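**Student:** Numbers given in our numbering equal positions in the sequence shown, counted from 1, plus 15. Virtual Cβ for every residue (Gly too), placed ideally from N, Cα, C. Source: prediction; values computed, not measured. A single structure is presented below for examination.
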Amino acid sequence: MSNIPQDYLERVYAGVLGKLIGVYVGRPFEGWTHQRIIEELGHIRGYVHEKVGDPLVVTDDDVSGTFQFVRALEEHGYSPDISSEDIGKTWLNNVIEHRTIFWWGGRGMSTEHTAFLNLKRGIPAPLSGSIKTNGKTVAEQIGAQIFIDGWALVAPGNPQLAAKLARAAGSVSHDGESVYAAQLWAAMEAEAFVSKDINHLLDVGLSVIPRDSLIARVIGKVREWVAEDGDWMKTRQRIEDSHGYDKFHGVCHVIPNHAIMIMAVLYASTDFDEAMHIINTCGWDTDCNSGNVGCLVATMLGLSAFQGPYDWRGPLADRALISSADGGYSINNAVRISYDIANIGRRLAGYKTLEPPKGGAQFHFSLPGSTQGFQLSRPSGSQQSISATLQQRVDGQHGPGLAIDVENFGQEQDQLEVFTQTFTPKEVLYMKTYELMASPLVYPGQTITAKVRASSEGNGQVVVGLRLKVYSRNDELVTMDGPSATLKPGEESLLTWTIPDEMDSQPIQKIGIALSPSTATSYRGTVWLDSLSWTGVPNMVVRKPLQEPCEFWRRAWVNGADNFSTSSFIIAQGQGEGIITYGTREWDNYSITVPNFMIKFGAPAGVAIRVQGLNRYYAVFFTEDKRITLVKALDARRIELASEAFPWELDQKYKVILTACDDLIRVRVGNVELQIADSQYASGGIGLIATDGCVSAESFVITPSSSA
Numbered sequence: 016m017s018n019i020p021q022d023y024l025e026r027v028y029a030g031v032l033g034k035l036i037g038v039y040v041g042r043p044f045e046g047w048t049h050q051r052i053i054e055e056l057g058h059i060r061g062y063v064h065e066k067v068g069d070p071l072v073v074t075d076d077d078v079s080g081t082f083q084f085v086r087a088l089e090e091h092g093y094s095p096d097i098s099s100e101d102i103g104k105t106w107l108n109n110v111i112e113h114r115t116i117f118w119w120g121g122r123g124m125s126t127e128h129t130a131f132l133n134l135k136r137g138i139p140a141p142l143s144g145s146i147k148t149n150g151k152t153v154a155e156q157i158g159a160q161i162f163i164d165g166w167a168l169v170a171p172g173n174p175q176l177a178a179k180l181a182r183a184a185g186s187v188s189h190d191g192e193s194v195y196a197a198q199l200w201a202a203m204e205a206e207a208f209v210s211k212d213i214n215h216l217l218d219v220g221l222s223v224i225p226r227d228s229l230i231a232r233v234i235g236k237v238r239e240w241v242a243e244d245g246d247w248m249k250t251r252q253r254i255e256d257s258h259g260y261d262k263f264h265g266v267c268h269v270i271p272n273h274a275i276m277i278m279a280v281l282y283a284s285t286d287f288d289e290a291m292h293i294i295n296t297c298g299w300d301t302d303c304n305s306g307n308v309g310c311l312v313a314t315m316l317g318l319s320a321f322q323g324p325y326d327w328r329g330p331l332a333d334r335a336l337i338s339s340a341d342g343g344y345s346i347n348n349a350v351r352i353s354y355d356i357a358n359i360g361r362r363l364a365g366y367k368t369l370e371p372p373k374g375g376a377q378f379h380f381s382l383p384g385s386t387q388g389f390q391l392s393r394p395s396g397s398q399q400s401i402s403a404t405l406q407q408r409v410d411g412q413h414g415p416g417l418a419i420d421v422e423n424f425g426q427e428q429d430q431l432e433v434f435t436q437t438f439t440p441k442e443v444l445y446m447k448t449y450e451l452m453a454s455p456l457v458y459p460g461q462t463i464t465a466k467v468r469a470s471s472e473g474n475g476q477v478v479v480g481l482r483l484k485v486y487s488r489n490d491e492l493v494t495m496d497g498p499s500a501t502l503k504p505g506e507e508s509l510l511t512w513t514i515p516d517e518m519d520s521q522p523i524q525k526i527g528i529a530l531s532p533s534t535a536t537s538y539r540g541t542v543w544l545d546s547l548s549w550t551g552v553p554n555m556v557v558r559k560p561l562q563e564p565c566e567f568w569r570r571a572w573v574n575g576a577d578n579f580s581t582s583s584f585i586i587a588q589g590q591g592e593g594i595i596t597y598g599t600r601e602w603d604n605y606s607i608t609v610p611n612f613m614i615k616f617g618a619p620a621g622v623a624i625r626v627q628g629l630n631r632y633y634a635v636f637f638t639e640d641k642r643i644t645l646v647k648a649l650d651a652r653r654i655e656l657a658s659e660a661f662p663w664e665l666d667q668k669y670k671v672i673l674t675a676c677d678d679l680i681r682v683r684v685g686n687v688e689l690q691i692a693d694s695q696y697a698s699g700g701i702g703l704i705a706t707d708g709c710v711s712a713e714s715f716v717i718t719p720s721s722s723a
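Encoded structure:
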């Protein structure tokens, strides 16, 4: 059993925030030279996304890969000996070709694209990323380094383990100096939990890689230059002159970027603001370099890293986007990610997982400064004279919560909204390079519960109600209100609402509360959102919306097929298996009915339940030899669990009922009924599958199931 630091969770949270902040600072000018940055943006101090017209929180490979691939430990067992081959299987389960996580720059140009194609063709990791397979130029680009923060965060104070995990993960796609860079940085981040001495961290990092490696030699040079120069601009120029991009093949070699990262932390390891300034002003692969530096410095300093003059946390509001085949993990926040990583780390160290705060509420605001994506806004028409702020605080009597402080809240038309995103925002239309695959977090039939209260020191009464924002015609967001309560100072209420299926199959984009003053009195004080949660599985019909035109209902499906028609649920796959999925890994016991399932061409084809990625699910398949088969997909294997003859035909409609209840999986098609017991997957969403062909469905009816 390894030792877990007392402040482990908070330090992980700091590291996750540091990674997100670093990536989102550097993302708008990724690939720019130092000279161009100075000329067009000046020295980078704080966020600059607005200067280039970008949203702050965007889909980016550095965030998606970092926080998705470490979940290989969930998929393949919490073992310190997890193999590159198993991590490669997690790639295949979560990466949708040409759509999620990576820069799809082409075989031989994009290292990750090249490795992915190798995996897909049956070349297992680590051969998939080796110099022997791909050559030195491809294998030594930057990618192994940019995804390793998660592997370090699950190994606090254990640099040897962090380096071992980083090597296994990095070798899926990279080799040589790139993997050495990943090992070294992971070891440094792991050691950052127990030491704030940057030179000690560097020595620890160097101890896990060959002394004669180019990475080790370059670090030696950078240390000498920093000691001689005392000026990062001068040292940066030395690095460009001796190890710049022009000295290496490929589009983004690891050595130049690693060198300026080492320089940045040597000059500014105890100052997060200055570290961000240096690494981003240096240029080159700014989001990657800034993300790694941000994670290291924040892990080392803890949450105090963000207490300088720049407001890093306010605009971020904990938000994160992770594009993968696990659509229920895409709309995310730093608190959720931190709990997941900390629990993986605790399992690896032999500890019990953390007790979920506040009864398992999705939004609990338990970590210092955490807002979990909640932001304050005023609906159109509301008075602008309202003074309102939002922040996480700790109430001496009630504990941590989200505090909304209001003044001048006295007009009948005044309202405030406090929302967090539960699905893809409209800003996705303006995001460049990386596509966002996501399913909503919340659905009709699920029950929302919010615990709210008014501070005892307030004046007047305030009305607090549950509110949703739902996509509609022309992809406009419309308001849907739930129960509300009128609170006097010192009063609290538990707002509960089972969401009705009245949304025309449109996704819920935001969830939160609305505040308005009582018609009788004005209000001044603090409204506390103690927690907000939802429970249960959906109870709804999913079909093409009647209110057209609209696009975001289609985006609620994670598309792992070649083609997904917007005229209905029609998918086509030219070669191999294609799947579209809907829902989250939190769905457990439910039934799915497809009244009009049709195979237009090809087989096997079918309907899936408890889907956990592209290659992990239960499904009913209509097979080429005219059978109905219950199958468990487990990575590359499709395991037949039960089967019976069924003379199905092309272009015929069939009613398919597939149910998951505890360990039982049941299917009924016509007069065929099959049932098996299996406990591999306890939860997950739904899916529609085609193989070498085309299938369609007009609707999906999702209802709860129970052992009773």
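Could you tell me whether the segment 152-172 touches the segment 349-361, where touching means 3 or more Cβ pairs closer than 8 Å?
**Tutor:** As far as the Cβ criterion goes, the segment 152-172 touches the segment 349-361, which means the pair count is three or higher.
**Student:** Whose C-alpha, out of K151, L510, D288, is nearest the C-alpha of F321?
**Tutor:** The residue given as residue 321 occupies position 306 in the sequence shown. Out of K151, L510, D288, D288 has the C-alpha closest to the C-alpha of F321.
**Student:** Go ahead and pull the three-state DSSP assignment for L72.
**Tutor:** As a first step, residue 72 is located in the sequence shown; it is residue number 57 there, counting from the start. Residue identity differs from the one stated: residue 72 is Val in this sequence, not Leu. Residue state, collapsed to three classes: coil.
**Student:** Taking one C-beta from the segment 498-507 and one from the segment 469-488 each time, how about it: are there three or more such pairs within less than 8 Å?
**Tutor:** Yes, they touch.
**Student:** Kindly confirm or deny that the segment 330-347 and the segment 382-394 touch, where touching means at least three C-beta pairs closer than 8 Å.
**Tutor:** The segment 330-347 is in contact with the segment 382-394.
**Student:** Can you name the start and end residues of the alpha helix (DSSP H) that Q160 belongs to?
**Tutor:** As a working mapping, residue 160 is identified with position 145 in the sequence shown. That run of the alpha helix (DSSP H) goes 158-161.
**Student:** Determine, using beta carbons only, whether Y195 and P225 come nearer to each other than 8 Å.
**Tutor:** For the purposes of this step, residue 195 is taken as the residue at position 180 of the sequence shown. For the purposes of this step, residue 225 is taken as the residue at position 210 of the sequence shown. Yes; because the gap between Cβ atoms is below 8 Å, this pair is in contact.
**Student:** First and last residue of the alpha helix (DSSP H) that includes C565?
**Tutor:** Locating residue 565 in the sequence shown gives position 550, counting from the first residue. Careful: C565 lies outside any alpha helix (DSSP H) and carries neither H nor E.
**Student:** From V219 to W200, what distance separates their C-alpha atoms?
**Tutor:** Here residue 219 corresponds to residue number 204 of the sequence shown, with the count starting at 1. Here residue 200 corresponds to residue number 185 of the sequence shown, with the count starting at 1. Each residue's alpha carbon lies about 10 Å from the other.
**Student:** Which residue comes first and which comes last in the beta strand (DSSP E) that contains C676?
**Tutor:** As a first step, residue 676 must be located in the sequence shown, where it is residue number 661. Here the beta strand (DSSP E) through C676 covers 668-676.
**Student:** How would you call Y449, buried or exposed, if buried means at least 16 neighbouring beta carbons within 10 angstroms?
**Tutor:** Working through the sequence shown from its first residue, we reach residue 449 at position 434. It is buried - the Cβ of Y449 has at least 16 other Cβ atoms within 10 Å.
**Student:** Just list the residues that DSSP pairs Y632 with in beta bridges.
**Tutor:** Along the sequence shown, one-based indexing puts residue 632 at 617. Bridge partners of Y632: A648.
**Student:** On a CA-only basis, which of V67, N108, V40 is nearest D648? Give me that one, please.
**Tutor:** Counting from one through the sequence shown, the residue named residue 648 turns up at place 633. The sequence as given places Ala at residue 648; Asp does not occur at that position. For A648, the nearest C-alpha among the options comes from N108.
**Student:** By alpha-carbon positions, which one of T550, I213, E25 ends up nearest to L318?
**Tutor:** Sequence index remark: in the sequence shown, residue 318 carries index 303 (1-based). Answer by Cα proximity: E25.
**Student:** Can you tell me whether DSSP reads S208 as helix, strand or coil?
**Tutor:** Walking along the sequence shown from the start, residue 208 turns up at place 193. First, the amino acid is wrong: residue 208 is Phe here, not Ser. Of the three classes helix, strand and coil, the one that applies to F208 here is coil, per DSSP.
**Student:** According to DSSP, is H379 helix, strand or coil?
**Tutor:** Indexing the sequence shown from 1 puts residue 379 at position 364. H379: coil per DSSP, three-state reduction.
**Student:** Can you tell me the Cα-Cα spacing of V710 and V557, whole angstroms?
**Tutor:** On the sequence shown, residue 710 is found 695 positions in, with the first residue counted as 1. On the sequence shown, residue 557 is found 542 positions in, with the first residue counted as 1. Cα-Cα distance, rounded: 17 Å.
**Student:** I need the straight-line Cα distance from A723 to N604, nearest angstrom please.
**Tutor:** Numbered from its first residue, the sequence shown carries residue 723 at position 708. Numbered from its first residue, the sequence shown carries residue 604 at position 589. Model confidence at A723 stands at a pLDDT of 44, short of 50, so the residue's coordinates are unreliable; what they give is reported in the following sentence. Cα to Cα, the separation comes out at about 12 Å.
**Student:** Beta-carbon separation of W543 and T462 under 8 Å?
**Tutor:** One-based indexing of the sequence shown puts residue 543 at position 528. One-based indexing of the sequence shown puts residue 462 at position 447. The answer is no: Cβ separation not under 8 Å.
**Student:** By the three-class DSSP mapping on this structure, what secondary structure does C297 have?
**Tutor:** Here residue 297 refers to the residue found at position 282 when the sequence shown is read from its first residue. Correct three-state label for C297: helix.
**Student:** Roughly how many angstroms separate the alpha carbons of G144 and S548, rounded to a whole number?
**Tutor:** Residue 144 sits at position 129 when you count from the first residue of the sequence shown. Residue 548 sits at position 533 when you count from the first residue of the sequence shown. Answer to the nearest angstrom: the Cα atoms are 42 Å apart.
**Student:** Measure the C-alpha to C-alpha separation of T581 and G575 and round it to an integer number of angstroms.
**Tutor:** Numbered from its first residue, the sequence shown carries residue 581 at position 566. Numbered from its first residue, the sequence shown carries residue 575 at position 560. So the two alpha carbons sit approximately 15 Å from each other.
**Student:** For the beta strand (DSSP E) holding M555, just list the boundary residues, first then last.
**Tutor:** Numbered from 1 along the sequence shown, position 540 holds the residue referred to as residue 555. Segment 555-558, the beta strand (DSSP E) holding M555.
**Student:** Leaving out the 5 sequence neighbours to the left and right, which residues in its chain are closer than 6 Å to V626 when beta-carbon positions are compared?
**Tutor:** Along the sequence shown, read from residue 1 onward, the residue named residue 626 stands at position 611. Counting only Cβ-Cβ distances below 6 Å, and skipping sequence neighbours, we find T596, Y632, G699, G700, G702.
**Student:** Which partner residues of S531 appear in the DSSP bridge assignment?
**Tutor:** Reading the sequence shown from its first residue, position 516 is the one you call residue 531. Looking at the DSSP assignment, S531 forms a beta bridge with V478.
**Student:** Across which residues does DSSP place R625 in a beta bridge pair?
**Tutor:** Taking the first residue of the sequence shown as position 1, residue 625 is located at position 610. Beta-bridge pairing links R625 to no other residue.
**Student:** Under 8 Å by Cβ, that's how I've got I680 and I672 pegged, so tell me the actual separation to the nearest angstrom.
**Tutor:** Working through the sequence shown from its first residue, we reach residue 680 at position 665. Working through the sequence shown from its first residue, we reach residue 672 at position 657. In fact, because the Cβ distance is near 12 Å, the residues do not count as touching under 8 Å.
**Student:** Return the chain-ordered list of same chain residues with a C-beta closer than 8 Å to the C-beta of V622, the five sequence neighbours on each side being excluded.
**Tutor:** The residue given as residue 622 occupies position 607 in the sequence shown. If we look at V622 and ignore the five residues flanking it on each side, its Cβ neighbours are I607, V609, F612, A634, V635, V671, L673, I701, G702, L703, I704, A712.
**Student:** What would DSSP say about K615, mapped onto helix, strand or coil?
**Tutor:** The sequence position of residue 615 within the sequence shown is 600, counting from 1. Of the three classes helix, strand and coil, the one that applies to K615 here is strand, per DSSP.
**Student:** Quick one: what does DSSP say A723 is sitting in, helix, strand or coil?
**Tutor:** Within the sequence shown, residue 723 is the residue found at index 708, counting from 1. Confidence in A723 is poor, its pLDDT being 44 and thus under 50, which makes the residue's placement too unreliable to answer from.
**Student:** Hey, out of I654, E659, P560, whose CA is closest to F637's CA?
**Tutor:** Here residue 637 refers to the residue found at position 622 when the sequence shown is read from its first residue. The option with the nearest alpha carbon to F637 is E659.
**Student:** Given this structure, state the Cα-to-Cα distance separating S186 from E432, to the nearest angstrom.
**Tutor:** By 1-based counting over the sequence shown, the position of residue 186 is 171. By 1-based counting over the sequence shown, the position of residue 432 is 417. Using only the alpha carbons, I get a separation of about 47 Å.
**Student:** Who are the Cβ neighbours of I146 in its own chain at under 7 Å, not counting the five residues just before and after it?
**Tutor:** Taking the first residue of the sequence shown as position 1, residue 146 is located at position 131. Excluding positions up to five away in sequence, the list reads A154, D190, G191.
**Student:** Counting C-beta neighbours from all protein chains within 10 Å, is the total for N18 16 or more, i.e. buried, or is it exposed?
**Tutor:** Start at 1 with the first residue of the sequence shown, and residue 18 comes out as number 3. Counting Cβ neighbours within 10 Å, N18 comes out exposed, since fewer than 16 surround it.
**Student:** Run the CB neighbour count on P532, radius 10 Å, all protein chains shown included, and call it buried at 16 or more, exposed below.
**Tutor:** Counting from one through the sequence shown, the residue named residue 532 turns up at place 517. Under this definition P532 is a buried residue.
**Student:** Looking at C-alpha atoms only, which residue of S546, Y538, R652 is the closest neighbour of E592?
**Tutor:** In the sequence shown, counting from the first residue as 1, residue 592 sits at position 577. Taking only the C-alpha atoms, the option nearest E592 is R652.
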